[in-house]
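Student: Below are the structure tokens for one structure; questions will follow.
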Amino acid sequence: MKKTKILIIIICIAGALAGISFYFSPAFAGFAMSQFYNAKKDLWISSVKNDFKKQDYEKYSKFIMQDNSWVVLAMNHDCCSGDGFNCVISKDNTGQVMIDENKNFCGVEAMCNQANELASDSTSAFYSGLTSIGLKLEKINE
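Residue 558 is where the sequence shown starts when you use this note's numbering, and the numbers rise one by one after that.
Okay, structure coming up:
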């Protein structure tokens, strides 16, 4: 009976030490940070999608093409916002919403400067231009 108690105490101490070392390990810290930033990213994406549903584009950059079609771009850049993620979301006059969860421009001004230089006859030409500068937009459900 005494050996069992000692064994239980040793197992409990070993478990506590393992838990403490895991908690303070760099791998756990990296995991916790990624979960935190992923949650912030999900909230931001949800907020932008909600604005797009309400057709509230005031906070975003709108590009009007020569054929009167348009594309609205919303962007988040970690360096500018400190949010820990980069993301670009677009919506066009057809209602199509697309996202690139990894791309960044160095601020809204840089995004607007690059987008204004693109071919702007139509949204398809505009999207082709965005692809040529490295944006990989994929359709998402609104």
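Note that beta-carbon positions come from the ideal geometry of N, C-alpha and C, so glycine has one too. On a predicted model such as this, the values are computed, not experimentally measured, just so you know.
Out of Gly652, His634, Gly572, Ser591, state which residue places its alpha-carbon closest to the alpha-carbon of Lys731.
Tutor: Outside the shown range of the chain, which is 558 to 699, sits residue 731, and nothing can be said about it.
Student: Answer yes or no: do Ser618 and Met668 have a C-beta to C-beta separation smaller than 8 Å?
Tutor: yes
Student: Could you give the DSSP three-state label for Lys555: helix, strand or coil?
Tutor: Because the chain spans 558 through 699 in this model, residue 555 falls outside it and cannot be assessed.
Student: Here's the rule: buried if 16 or more other CB atoms are within 10 angstroms of the residue's CB, otherwise exposed. What is Thr561?
Tutor: Exposed is the call here.
Student: Candidates Asn643, Ile656, Ile602, Met622: which alpha carbon is nearest Asn673's?
Tutor: Met622
Student: Just the C-alpha distance for Asn650 and Ile577, rounded to the nearest angstrom, thanks.
Tutor: 54 Å
Student: To the nearest whole angstrom, what separates the beta carbons of Asn643 and Asn659, a pair I think is in contact under 8 Å?
Tutor: 6 Å
Student: Determine the contact status of Val628 and Ser647, defining contact as a CB-CB distance below 8 Å.
Tutor: yes
Student: Going by Cα to Cα distance, which pick from Leu600, Ala631, Ala571 is closest to Phe609?
Tutor: Ala631
Student: Less than 8 Å between the beta carbons of Phe662 and Phe620, yes or no?
Tutor: no
Student: Just to confirm the assignment, what range does the alpha helix (DSSP H) spanning Leu687 have?
Tutor: DSSP places Leu687 in the uninterrupted alpha helix (DSSP H) bounded by 680 to 689.
Student: Any idea what DSSP makes of Asn650, helix, strand or coil?
Tutor: coil
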